[in-house]
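Its first residue numbered 150, the sequence shown is counted upward by one per residue in my numbering.
Written out below as structure tokens is the structure these notes cover.
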Amino acid sequence: MSKTTKYSVKDLQRDFPNDGACVDFLFDALHSRKCSCGGEYKRLQGRRQFQCSKCRFQIAPTAGTIFHKSDTPLTLWFHAIFVFSNAKSGVSAKEIERQLGVTYKTAWRILKLIREALSQSTDKLTGDVEVDEAYFGGRKKAGRDNENLGAVLKSKSVVVGAVERGGNIRAKVEPNAQTKTLGSFLKENVNKDSSRLLTDSSNRYERIARGYDRYMVSHKSGIYANKDIHINNIESFWSHVKRSMKGTHKVISKKHLQSYLDGFVFHYNNRHNDSERFSSLLGAILSSAK
Ligand SMILES: [Zn+2]
């Protein structure tokens, strides 16, 4: 099978035909079949539980995972993860409700837990790195003479992002777009010594980008792309996320914005990974197990 072949719903049904297969998978991903007593763990028929053949110790492989204490069949959970892994523009609870035949409340909870299990890598970006900030949410209008501009900005969330060209992206909700905030974002996410920093001409970056090899694109003067001095990648990520959120999710509260962003970041960073995006997502979910 070629690397680019998409993992299909047929593949999913072959790999995970029933709850037992899902439980086996979870156990093997998180535990060893060999018990320290010398015995071997075996699944108890019809239960989400394994037991050692000798000392009778029991392990519930769903413990600490997002599947814990859920009455929803694991096959449906895996199906939701499959749908999520293929939905580059996001997936709504309504859609999961339809596809899985569960209640809206259950669908909403499943999606919430999937998103919350995703976290962004802390490896520093290198090479050509585009940095930019964006404003999300808020339904207030600035008014004719911008009399409500302050309220509009207050109702929006600041998101700061960085993308390594040809590589990964980061996007974080920040309390504001002040120099200090941007500075710590850069410090945490971009390698100073092995990167070329590309920003807009905002003078906020003037001081904090000291020590970075920085190039800026001046939007004001109409020079959008001077050869490779541009921030087109991060800007198209912002517009993709905004368009998707509008189309799929309507309104997202400040409280949940970061986990939605984590979902879009997961998709961006796995964009060339059609055959393995489902297993990458499942892996990310399991590595968040407590
Ligand atoms: Zn044992």
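The C-beta atom is built at its ideal place from N, Cα and C for all residues, glycine as well.
Each of 267, 229, 234 was checked against the Cα of residue 250, and the nearest Cα belongs to 229. Excluding its 5 nearest sequence neighbours in each direction, residue 283 has C-beta neighbours in its own chain below 6 Å: 308, 387, listed in chain order. Look at residue 154 here: in three-state DSSP terms it is coil, with no helix or strand label.
Rounded to the nearest whole angstrom, the C-alpha separation of residue 393 and residue 239 is 7 Å.
Around the C-beta of residue 158, fewer than 16 other C-beta atoms lie within 10 Å, and the residue is accordingly described as exposed.
The three-state reading of DSSP puts residue 241 in coil, since its state is none of H, G, I, E or B. A Cβ-Cβ separation of about 6 Å places residue 179 in contact with residue 438 under the 8 Å criterion.
In the displayed model, residue 318 falls within a strand according to three-state DSSP.
Between residue 383 and residue 339, the C-beta gap is not smaller than 7 Å, which leaves the two residues out of contact. The beta carbon of residue 287 is closer than 7 Å to those of 301, 304, 305 in its chain, skipping five residues each way along the sequence.
Apart from sequence neighbours up to five positions away, the residues of its chain that approach residue 410 with a beta-carbon distance below 8 Å are 308, 320, 321, 322, 390, ordered along the chain. The beta carbon of residue 431 sits closer than 7 Å to those of 230, all from its chain and outside the five residues before and after it, given in chain order. The DSSP-derived three-state label of residue 232 is helix.
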